[in-house]
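4 protein chains.
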Amino acid sequence: MAGSSFGENFRVTTWGESHGKAIGAVVDGVPAGIPLCEEDIQVFLDRRKPGTSSITTPRKEDDKVEILSGIFDGKTTGTPISLLVRNTSQHSSDYNEIASYYRPGHADYTYDQKYGFRDYRGGGRSSGRETIGRVCGGAIAAKVLKELGIEVYSYTSSIGPYSINPDTIDTTNIGKFPTGLPDKELNDLALTFLEECKAKKDSAGGSVVCTATGLPAGLGEPVFDKLDAQISKALFSIGAVKAVEFGDGLEASKSTGSENNDAFESVDGKIRKKTNHSGGVLGGLSDGSPLVVKAYFKPTPSISKPQQTVKQDGTPIEVEIKGRHDPIIVPRAVVVVESMVNIVLVDALLSGLGSRIDNLKKIYL
Amino acid sequence: MAGSSFGENFRVTTWGESHGKAIGAVVDGVPAGIPLCEEDIQVFLDRRKPGTSSITTPRKEDDKVEILSGIFDGKTTGTPISLLVRNTSQHSSDYNEIASYYRPGHADYTYDQKYGFRDYRGGGRSSGRETIGRVCGGAIAAKVLKELGIEVYSYTSSIGPYSINPDTIDTTNIGKFPTGLPDKELNDLALTFLEECKAKKDSAGGSVVCTATGLPAGLGEPVFDKLDAQISKALFSIGAVKAVEFGDGLEASKSTGSENNDAFESVDGKIRKKTNHSGGVLGGLSDGSPLVVKAYFKPTPSISKPQQTVKQDGTPIEVEIKGRHDPIIVPRAVVVVESMVNIVLVDALLSGLGSRIDNLKKIYL
Amino acid sequence: MAGSSFGENFRVTTWGESHGKAIGAVVDGVPAGIPLCEEDIQVFLDRRKPGTSSITTPRKEDDKVEILSGIFDGKTTGTPISLLVRNTSQHSSDYNEIASYYRPGHADYTYDQKYGFRDYRGGGRSSGRETIGRVCGGAIAAKVLKELGIEVYSYTSSIGPYSINPDTIDTTNIGKFPTGLPDKELNDLALTFLEECKAKKDSAGGSVVCTATGLPAGLGEPVFDKLDAQISKALFSIGAVKAVEFGDGLEASKSTGSENNDAFESVDGKIRKKTNHSGGVLGGLSDGSPLVVKAYFKPTPSISKPQQTVKQDGTPIEVEIKGRHDPIIVPRAVVVVESMVNIVLVDALLSGLGSRIDNLKKIYL
Amino acid sequence: MAGSSFGENFRVTTWGESHGKAIGAVVDGVPAGIPLCEEDIQVFLDRRKPGTSSITTPRKEDDKVEILSGIFDGKTTGTPISLLVRNTSQHSSDYNEIASYYRPGHADYTYDQKYGFRDYRGGGRSSGRETIGRVCGGAIAAKVLKELGIEVYSYTSSIGPYSINPDTIDTTNIGKFPTGLPDKELNDLALTFLEECKAKKDSAGGSVVCTATGLPAGLGEPVFDKLDAQISKALFSIGAVKAVEFGDGLEASKSTGSENNDAFESVDGKIRKKTNHSGGVLGGLSDGSPLVVKAYFKPTPSISKPQQTVKQDGTPIEVEIKGRHDPIIVPRAVVVVESMVNIVLVDALLSGLGSRIDNLKKIYL
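Residue numbers (our numbering), protein chains in the order written: chain U, 1 to 365; chain H, 1001 to 1365; chain A, 2001 to 2365; chain E, 3001 to 3365.
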């Protein structure tokens, strides 16, 4: 099936393998008239660039984006925007060895089962490099959101055992430290922990929080296309995500109605919620409070510690995964999470335009 | 936007409000030749029926389903199956009061923001009765799965503070006790806890586990339409779900790669995983192990304890929600979770048919 | 595959067989706030009712529509509108005979090839009664169009050899005569011709023109979802349509550029085309002139004249189709054509809302 | 809206403007295991190449395709195939003049109305160069069809007043002559006619027939996604198409049931139709006879003859369109028509895989 597109009215189609010629995306449904240049996208891509600290792969990925269509006189034209990032740093020979066996925690086995064979070089389409297309789409979505005064930010909320309380973070620390944790002390503890992981030839997991403010209330569709449902799909579609929660999330299930319900109040003639246990969604529609979602990532499956597995024919084999791997993917995944949330929000904004006949009259009459 | 359909090749479209004339669904894309009768669907609907214990609403809902199309000589014809459940137990007068204010934890405010007004009777489209259409779809999907030897079961995994370890449950206890917890002792503790909630005019939350066995490996699509991504959307589209996790879920994020990776082994010439931390999905495709997903529900927002809120015009008001409400929705949501998983699985099975050119040759040559 | 839905943002899902319990539709994506009652839809359904003249089947079909959801206080709520028409006049015994052979010009053979068997009673899902759901959707779409000052009308433009010039019709004659031809004299000639067909146990074809005025320019999407492309799909999806053309249509292919191009002019400060060879579409977008489309219908395949065909096992057989059939379906198809055009127009209006970032600002800021 | 994708299970997404950096397509849903190389696509692209005769634009377009993803070891992997064609022959200065006014018969005015402004260079996205992406998709679809023994061919069936009888063509003449008419004598007459058009600074239209043989019966979906409905949308989505017909098409509307119905017969134990008035479709499903569809094209709107039109502000202006234009687009459109039919057929083949539960058993059990 055609499964490489996301979104209905704002649609991102991605393509490309880790060690193919290039990676890219086509972003369709972008409203006309928004200023956009390659630098707008490059800023997002640079946030997922490896090689910037001891805890990311030493692999050098320049990942320079080229816009091939959809822009005229520096503005979006309403036609599809095609984005291209050439792969430049492939060491395919690193991967020849993995052609013959199934790496634990990877998609080697499942791809073979689905398609009969696979592009094994660097994980092919299941590589983390696949997220480049998502980030391109997210960067364009960010431009749309900015025009409407909507702000989205995201950060590492935990690494292994070290986690931060979302309610007390200093947002000025976002993006400041290598781990993505917006707290100097916690960042340093996590760095030490990750160095230990590396030394043990092992890897770690963590979580990312994404928050959106300035959303109009009523965004999303009430039944199957609830705003939280669409965001959860967007986040689970990122490789390695194993759990997603909104607002109090899992903890809400242990709470009582009287604790969990957010009371409404009116301040300066504007209705709003006093608290935000809901994470900004009620009945699948944005409720005017900040949208708060958290995605949990499993540890990087590529580890150089010896592991038991089998060859394609079932023969047992002990392997030590070679190559240039991140001991944790969370810091580089922060911008991917944000990008996917951006994409969902723009799609929801477009899809929601027709909810009232009065809106159509405003545009067409 | 048209947001009342779920699935691409197997598509369930639901409609209906709590206090309208009827609730129903249209299920399209059902393969021809499957035996199906109203009783097959009634069995599923009866599992969400209230009034069966002290912890569900005393509201009597007969919810008799009528099949209106798509069946001939007792078998599916490949054309859409329309299902109708008449609403018979509406006490609209119970709800007249809530027309004027916004219930905390409900979608009253967000519907008004999106549409300008709302059908306030019993929550209208945002009522739990909306799930009747989902369960109809899930019951039909179950028939498809059965033809292919796939089994799906689900149960309450926690209620408030009482939770069960999925690895040690006795599956013969599934569906046996009022709480849906497959353990007599835990059920009794949870019942007492729920009675206390009721006495305090409060409500509780909990969680549901759903497991699918017998799935072919390689099911799902690798990028945006990953099997877990689609299931998470399906589950978050159920009102009150606040978190979803697969396999070790949230805990995986605190684990290391060497702990979390599932080693492959070959047994009797068949490759399989030794453990199932992944919850049956690798790279978004089913990996041959049981699929294990858990959804967390917030406490029922309708409580008769006094709450602060506002009228539509912003005037503060203290309310005590009247009406016949469940102190917890989890036991009745078990079949809804299962239904949504069933629907995703059948859609994925249909969508995956064309993954290899050899499959097309098998069918068309 | 799920093929019973039409439209993206305004979506009509139909279901039901000729001799099943009922026929119906679910209409999703209707903007909130539009006055709508059953009578609005009944008026449309009555236009496709048989039994009103000598040239339609004497079969009595009351076709009373019931709205089951999506309306509150007499207005659309933005949630799906479910519509139900009970089948009341089935004579299934009329059709038992046709179970065993393949009627020429019908879908009996192709259904069997696709699904392995078929509901043969009255043609099952391939019956003309399937269009009831379309007309329900079209009636609702008409209400949306009316709010925006868009008018759509349609009429029989030819029956067998008798055809009318669209440029010279008297629109006050639309819907006046049994054939649907808006000309008394031509209607009478066509009636005589149809009586002769009936006498010969044969049937006739014809064509329908549909025109929409008041459309905003720029409606439609430029590449695959061109306005004319979507309308052509909508019209070819009506059984028996064999050709569709816009504006000068087929004749344009024999014209020259200087004849076929419509010059632009400015009148009272408003740009418009001097002529309308294009039929109101340029580059797939509405061009401000009336949209003009014509659909050609083949003769009714059910004729009582003896025909050669085969049984399911290939045995040759001569058949005379019994039952109550129209000698021509065109007069009853007029409202079906109009309904499908209505549906496409509303979907295009909704989908086009986000073409400019300024539109989003108008709605959300 | 996102309108640049075509197909559900086999999906072609195109992008690019005439005078942008490049044009391309992403083809998703291609089954794994099909041999594919750039040459396979180049062969199709070369069929739409201009500059090969006096009746096509002297503009030189090399249009070399590059495959960027989705292929491994010379075979499709099941992941999206990205295709890139760099624009190399843009003379944007030719078009600066047209920035200020609306060319008759072009999409200049309608784009401005929809988006507020437009990329006017060479028509931007509404240029005929947009079809490059379609042809890339069609070439890949052709490879799928070949694996299943399905053959598709197409040819010019008329140019201005000169038309050929599809029933008597010599298929060995297809693709032999510059006009695409598969008849030497008619080709020569048409060439003379086109030279006269050119001399008069005018242009001509024509038609294209496309035929598919070897299709399994039962292909397509019965209601809205009828095979003919989908093909008609595909063809009307090609700029300049003004009419589409299947089989006897328009003429069927003047026929009688006894003439138009195709009798079934059994030959060598195989059921087939004796005649093919239907053009290979019954009830929207392929009927085992060759699929025959015809698309009619209007004359090229770009003519150097003086024309009346207006500037963006409404000022009247007389224009003579400069630039390198084809006096007719039909010969180059033949491969575009074929490509779109290919795409629909592969999508229908994939979508039809699940029509019977037995098919699922064949693949999954």
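Idealized CB from N, CA, C, for every residue including glycine. A quick note: this is a predicted structure, and the numbers were derived from the prediction, not measured.
Among the bridge pairs identified by DSSP, Cys1210(H) is matched with Ser1154(H), Val1293(H). Using a Cβ distance threshold of 9 angstroms, Pro182(U) and Gly3016(E) do not count as a contacting pair.
In the structure shown, Ser2100(A) falls within a helical segment according to DSSP collapsed to helix, strand and coil. The residues Ile303, Ser304, Lys305, Glu320, in chain order, have a CB closer than 8 angstroms to that of Lys201(U) in the same chain once the five nearest residues on each side in sequence are set aside. DSSP links Gly1016(H) through a beta bridge to Ile1023(H). Ile2343(A) sits away from Leu2353(A), with the two beta carbons spaced by 9 angstroms or more. When the five nearest sequence neighbours on each side are left out, the beta carbons in the same chain lying within less than 7 angstroms of the beta carbon of Asp63(U) are those of Leu45, Lys49, Val85, Ile132, in order along the chain. Looking only at Ile2140(A), Tyr2111(A), Gly2003(A), the smallest Cα-Cα distance to Val2341(A) is reached by Ile2140(A). Pro2327(A) is outside the set of residues whose beta carbon lies under 9 angstroms from a beta carbon in chain H.
Between Ser3255(E) and Gly2205(A), the C-beta gap is smaller than 9 angstroms, which places the two residues in contact.
DSSP, read as helix, strand or coil, puts Asp3188(E) in helix. The beta carbons of Ser2232(A) and Val2244(A) sit about 5 angstroms from each other, so the pair counts as a contact at 8 angstroms. Within chain H, no residue has its CB atom less than 9 angstroms from the CB of Ala3002(E), the nearest being about 13 angstroms off. For the 9 angstroms CB-CB criterion, Glu2130(A) and Val3223(E) form a contact.
For the segment 2270-2287 of chain A, the residues whose beta carbon sits under 9 angstroms from a beta carbon of chain E are, in order, Lys2270, Ile2271, Lys2273, Lys2274, His2277, Ser2278, Gly2279, Val2281, Leu2282, Gly2283, Gly2284, Leu2285, Ser2286, Asp2287. In the displayed model, Ala2142(A) falls within a helix according to three-state DSSP. For Lys3361(E), the enclosing alpha helix (DSSP H) has its first and last residue at 3357-3364. Glu66(U) belongs to the set of residues whose beta carbon lies under 9 angstroms from a beta carbon in chain E. Taking a cut-off of 8 angstroms for Cβ pairs, the segment 266-280 of chain U and the segment 1271-1280 of chain H do not touch, as fewer than three such pairs fall below it. In summary, Val2043(A) is exposed, with fewer than 16 beta-carbon neighbours lying within 10 Å of its beta-carbon over all protein chains present. Beta-bridge pairing by DSSP links Pro2035(A) to Lys2075(A). DSSP places Lys2242(A) inside the beta strand (DSSP E), whose first and last residues are 2241-2246. The three-state secondary structure of Asp28(U), taken from DSSP, is strand. Taken in chain order, the complete beta strand (DSSP E) segments of 3 or more residues contained in the segment 301-328 of chain U are 307-310, 316-319. For Leu345(U), the nearest beta carbon of chain E is not closer than 9 angstroms to its own beta carbon. If you check the CB distance, Tyr162(U) and Lys311(U) do not come in under 9 angstroms. Excluding five sequence positions before and after Gly2020(A), the CB atoms of its chain that fall closer than 7 angstroms to its own CB belong to Asn2087, given in chain order. Contact check for Leu2345(A) against Val2152(A) passes: the beta carbons are separated by less than 9 angstroms. Among the residues of chain E, those whose CB is under 7 angstroms from the CB of Arg1356(H) are Pro3031, Ala3032, Gly3033, following chain order. If you check the CB distance, Ser3355(E) and Met2001(A) come in under 9 angstroms. In terms of beta-carbon proximity, Asn2009(A) lines the interface with chain H, with at least one pair separated by less than 9 angstroms. For Val65(U), the enclosing beta strand (DSSP E) begins and ends at 65-67.
Note that the segment 3319-3338 of chain E does not touch the segment 2286-2298 of chain A; fewer than 3 beta-carbon pairs, one per stretch, sit closer than 8 angstroms. Gly1020(H) reaches chain A at Leu2068, Ser2069, counting residues in chain order whose Cβ is nearer than 7 angstroms.
In the structure shown, the three-state DSSP call for Glu259(U) is helix.
For Ile1169(H), no Cβ of chain E is located within less than 9 angstroms of the residue's own Cβ.
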